[in-house]
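Protein chains in written order, with our numbering: chain A, 14 to 425; chain B, 14 to 425.
Glycine included, every Cβ here is placed at the ideal spot set by N, Cα and C.
The model shown is predicted, which means the values in this text are computed figures rather than measured ones.
Notes for the one structure printed next.
2 protein chains.
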Amino acid sequence: MTVPEKKILLIVMDGVGDRACPELDGRTPLQAVDTPNMDWFVSNGNSGIMDVISPGVRPGSDTAHLSLLGYDAKAVYTGRGPFEAAGIGLIGKRGDVAFRCNFATVDGDLNTLDRRAGRIKAPDTTDLVKSLSGIVIKGVEVTVREGTEHRAALLLRGPGLDSRVTDADPHNNGKVLESRPLVPEAALTAEVVNEFVRMSYDKLKDHPVNKRRREAGLPEANILLPRGAGSFPNIDPFPEINRMSAACVAGVGMIKGICGVCGLDVIDLPPACTGGFGTDVVLKMQTALRTLKDHDFVLMNFKSPDVCGHDMASAKKMSAVRNMDAAMKYLRENMPRDLVVVLTADHSTASSTGDHTADPVPLTIYTDGMIMDDATEYSEYGCAKGRLGRIRGHDLLPICMDLANRAEKFGA
Amino acid sequence: MTVPEKKILLIVMDGVGDRACPELDGRTPLQAVDTPNMDWFVSNGNSGIMDVISPGVRPGSDTAHLSLLGYDAKAVYTGRGPFEAAGIGLIGKRGDVAFRCNFATVDGDLNTLDRRAGRIKAPDTTDLVKSLSGIVIKGVEVTVREGTEHRAALLLRGPGLDSRVTDADPHNNGKVLESRPLVPEAALTAEVVNEFVRMSYDKLKDHPVNKRRREAGLPEANILLPRGAGSFPNIDPFPEINRMSAACVAGVGMIKGICGVCGLDVIDLPPACTGGFGTDVVLKMQTALRTLKDHDFVLMNFKSPDVCGHDMASAKKMSAVRNMDAAMKYLRENMPRDLVVVLTADHSTASSTGDHTADPVPLTIYTDGMIMDDATEYSEYGCAKGRLGRIRGHDLLPICMDLANRAEKFGA
């Protein structure tokens, strides 16, 4: 008898894990909110905690998602630039070097006045990017693509590139930095970056958009500051490795970029699903369930808890949790049979530190026919009482594949 | 906002883990003793169990401490000799080969009569060691340094040495063994060891100290028996790897040696802190807290529970536990804020077997702002009820670094 294969829905509640918050009487946002629908999955599934990379290692969202997709992040991660670029549709090939960029405001001496140019957004950025098209520096093709708000990506393509260069972005309101090669082979790349930064200033400083912003008293976006150089990695496609079709339902560019580079179909979301705090979470869940009709595996990402953690706003994070619980209610009531559902996070984002921490994330796996355990509450400690123990991020996918009756036998 | 970094106090209760003792109605010494102060850390921190090397691997104190310091013990451990030598101030360099030695009593046919020469100690050993100074064999410089009681260390320095040789020490009252090379490259080293053993007998057998001991009816210390050959390892310094200043507060030579080789400052202890059963544990804790004033990380080691385990003395081990609980009381009442405290062991030492076992050790981590868990009792099983699950020894330091807000992010 052939056992039917199940499909897999991996729900990543970005940064939902937290530490004890004094303002919540020592509870975490997950502990402080009543989440009957998440808890339903806990009560009917199996739970545990997970070190997404390994114990004590603070994951980035990029490395964490690679790990959740079953990759060895330490082996395949080449820096954030390529994923950021891919997330806004700038998917490069091996040998290309990509950077994240900010539109920023500088004075005539290239001192940074505002690293985000007043959080400038489209359509201003669309016009500005157009003026940077078709640039070639020392034989290297330069492509700029706008991202959300002040963000953009820069892709360099040509012979002799190497991503081991320092950032031009000073990361605070200091003087724009010269990119330096960290190894001799990266000298050309650093030269191209520095020339590009100067060129962006020349082309943007008197651009009509900036004249208009100057008159309106808004910070000008008169330079582009690259950072986070990375080579496009050579990643084996997820659908080939795992022999299943796969898609990603996410609003955030970088997550879409990672999934795109890994060969997942990146699903277009309705405008109401921004990836941020105001996302229509039920609509997003509907999109995920629809996507599962013609895909075996869907990764979906809710970004808002991470944003609240970075903002050190535990009360707002509680709202984000309440919101996601509404999405879980929809899932409970509308999910197909023969589905493996995973509720987890890519990392913890502590409201008390405003950044990612290495605290293990809560994990619940639900499907038909699981052995019951004692865990009943979706939270950092509630899940620790479950049957799964403490696992590592890159072991999650194999566990799900097995529960979905898709795992190969090792041996006979 | 920059989150303030915390300091770390890693308390190693050497060999405190145990197995069920029939004479304690199936309890362990930790379970049989009321430890309100250790338990306070459990109730207010997070607990779990730890395989210091990996499950089922019985750690030595040396490999265990390397693992607790975050090293991959399997990669850096080169034998106990170098650490033992370093512990008594004989810190070698790469290429040197070190051995542990015992002063022993042999008859004229080199049959061992007492492997510890009646636990001879200073000043007798001091005089004996002097007669072994300035030895050169086949171009190899030979240095002997006395340790505690009958123990000494032997350091060989010269070209062409290799530590892969067998022990001259028969490890029981048999004939002194010929050291044999385990690989052809170690032939010279084995020859030097054998020549040194013969030479030690020649120089010691009629030494005035031994004449006096013979007359007093005491076992003579008429030979030195090397064992545990090891090359001096090439270990990256702990303070550099972890970007924090670090010190060790321990009474036992080998622990001091390991910490010294790893680049920790080895703190001198008052004479009342011997490392053994009679140590003034509160004075030792005071020393540790004082050391934390100008160090970011302190490893402290309480040796007595291990000694009791080796002696198969569970009742005495209970006293050692009671004693250490008094030190924890002092810690509770006097510790600074912004400290991460770890209560754990380097291995279990079973009172029923008299040796180290691979049973996972209890682990509690305390700092401000931890998510509460249900564990309330510091013991082998009491800690297993906590939130940390089951971790490995070399993951402990990264976890502490993260809780101390000192971990680097992997990715973005």
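- Go ahead and label proline 72 of chain A buried or exposed: buried means 16 or more other beta carbons lie within 10 angstroms of its beta carbon, across all protein chains shown. buried
- What is the DSSP secondary structure of threonine 380 of chain A, reduced to helix, strand or coil? coil
- Query: My guess is that proline 95 of chain A and glycine 243 of chain A are in contact by the Cβ rule of under 8 Å, so how many angstroms apart are they, rounded?
  - Reply: 5 Å
- Is it right to say serine 146 of chain B is buried, meaning 16 or more other beta carbons lie within 10 angstroms of its own, or is it exposed? Around the beta carbon of serine 146 of chain B, a 10 Å sphere encloses fewer than 16 other beta carbons of the protein chains shown; the residue is thus reported as exposed.
- Item | Closer than 8 Å at the beta carbon, the chain A residues around proline 411 of chain B | Ser67, Pro68, Gly69, Val70 and Ala371
- Message: Could you compute how far the alpha carbon of aspartate 309 of chain A sits from the alpha carbon of methionine 325 of chain A?
- Response: 37 Å
- Query: Do glycine 399 of chain B and serine 60 of chain B come within 7 Å of each other at the CB atom, strictly closer than that value?
  - Reply: yes
- Message: Quick check on lysine 20 of chain A: buried or exposed, where buried means 16 or more other Cβ atoms within 10 Å of its Cβ?
- Response: Buried: at least 16 other Cβ atoms inside 10 Å.
- Message: Does chain B have any CB closer than 7 Å to the CB of alanine 397 of chain A?
- Response: So yes, alanine 397 of chain A belongs to the interface.
- State yes or no: is the C-beta of alanine 371 of chain B within less than 7 Å of the C-beta of valine 70 of chain B? yes
- Report back the beta-carbon spacing between leucine 165 of chain B and glycine 270 of chain B to the nearest angstrom; my notes put them in contact at under 8 Å. The question names leucine, but residue 165 of chain B in the sequence shown is alanine. Not quite, the Cβ-Cβ distance comes to about 13 Å (not below 8 Å), so this is no contact.
- Task: Counting only runs of 3+ residues fully inside the region 328-375 of chain A, write out the beta strand (DSSP E) ranges in chain order.
- Result: 352-357, 361-363 and 368-370
- Task: Go through its chain and collect everything with a Cβ distance to valine 206 of chain A's Cβ below 7 Å, but skip five positions before and after it.
- Result: Val178, Ala181, Ser192 and Pro239
- Item | Within 8 Å of chain E by C-beta, residues of the region 340-371 of chain A in sequence order | Going by chain labels, chain E is absent from the structure shown, which instead holds the protein chains A and B.
- Distance, leucine 277 of chain B Cα to serine 258 of chain B Cα: Rounded to the nearest angstrom, the two C-alpha atoms are 8 Å apart.
- Item | Delimiting residues of the alpha helix (DSSP H) encompassing isoleucine 62 of chain B | No alpha helix (DSSP H) contains isoleucine 62 of chain B, which is instead part of the beta strand (DSSP E) from 59-64.
- Would you report the Cα separation of glycine 266 of chain A and serine 80 of chain B, rounded to the nearest angstrom? 40 Å
- Give me the Cα-Cα distance between glycine 105 of chain A and alanine 397 of chain B, rounded to the nearest whole angstrom. 48 Å
- Task: Taking all protein chains shown into account, decide if glycine 241 of chain B is buried (16 or more other Cβ within 10 angstroms of its Cβ) or exposed.
- Result: buried
- Residue from A/Pro194, A/Lys188, A/Glu198 and A/Leu190 with nearest C-alpha to glycine 173 of chain A: A/Glu198
- Task: Spell out whether any CB of chain A is found under 7 Å from the CB atom of aspartate 415 of chain B.
- Result: yes
- Message: When you compare the CB positions of serine 392 of chain A and leucine 168 of chain A, do they come within less than 7 Å of one another, or not?
- Response: Taking 7 Å as the cut-off, the Cβ atoms of serine 392 of chain A and leucine 168 of chain A do not count as close.
- Query: Within 7 Å (strictly less), CB to CB, does arginine 129 of chain A reach chain B?
  - Reply: Arginine 129 of chain A does not count as touching chain B.
- Task: For alanine 77 of chain A, go through chain B and note every residue whose CB falls closer than 8 Å to its CB, in chain order.
- Result: Gly424
- Item | Candidates A/Tyr214, A/Thr366 and A/Ser176, of which the one nearest valine 196 of chain A by Cα | A/Ser176
- Nearest neighbour of arginine 107 of chain A, chosen from A/Thr91, A/Met331 and A/Ser317 [CA to CA]: A/Thr91
- Expressed to the nearest angstrom, what Euclidean distance is found between the alpha-carbon atoms of leucine 358 of chain A and serine 74 of chain A? As written in the sequence, residue 358 of chain A is alanine, which differs from the leucine given in the question. For alanine 358 of chain A and serine 74 of chain A, the distance between alpha carbons rounds to 10 Å.
- Below-7 Å beta-carbon distance, glycine 241 of chain B vs any chain A residue: no
- Query: histidine 78 of chain B to isoleucine 268 of chain B, Cα distance in whole Å?
  - Reply: 8 Å
- What are the boundary residues of the beta strand (DSSP E) that alanine 3 of chain A is part of? As displayed, chain A neither begins before 14 nor continues past 425, which places residue 3 of chain A out of reach and without an answer.
- Closest by CA to alanine 340 of chain A, which one among A/Phe54, A/Arg40 and A/Ala45? A/Phe54
- Query: Among A/Ala420, A/Val374 and A/Met414, which has the Cα closest to the Cα of glycine 402 of chain A?
  - Reply: The shortest Cα separation from glycine 402 of chain A among A/Ala420, A/Val374 and A/Met414 belongs to A/Val374.
- Query: If you drop the 5 nearest sequence neighbours on each side, which residues of the same chain put their C-beta closer than 7 Å to that of glycine 171 of chain A?
  - Reply: Gly152, Val153 and Glu154
- Message: I'd like to know whether the C-beta of alanine 33 of chain A is nearer than 7 Å to at least one C-beta of chain B.
- Response: yes
- Considering only C-alpha positions, which residue in the set A/Ala388, A/Asn418, A/Tyr394 and A/Lys216 is nearest to glycine 39 of chain A? A/Tyr394
- Message: Quick check: what's the CA-CA separation for methionine 414 of chain B versus aspartate 215 of chain A?
- Response: 45 Å
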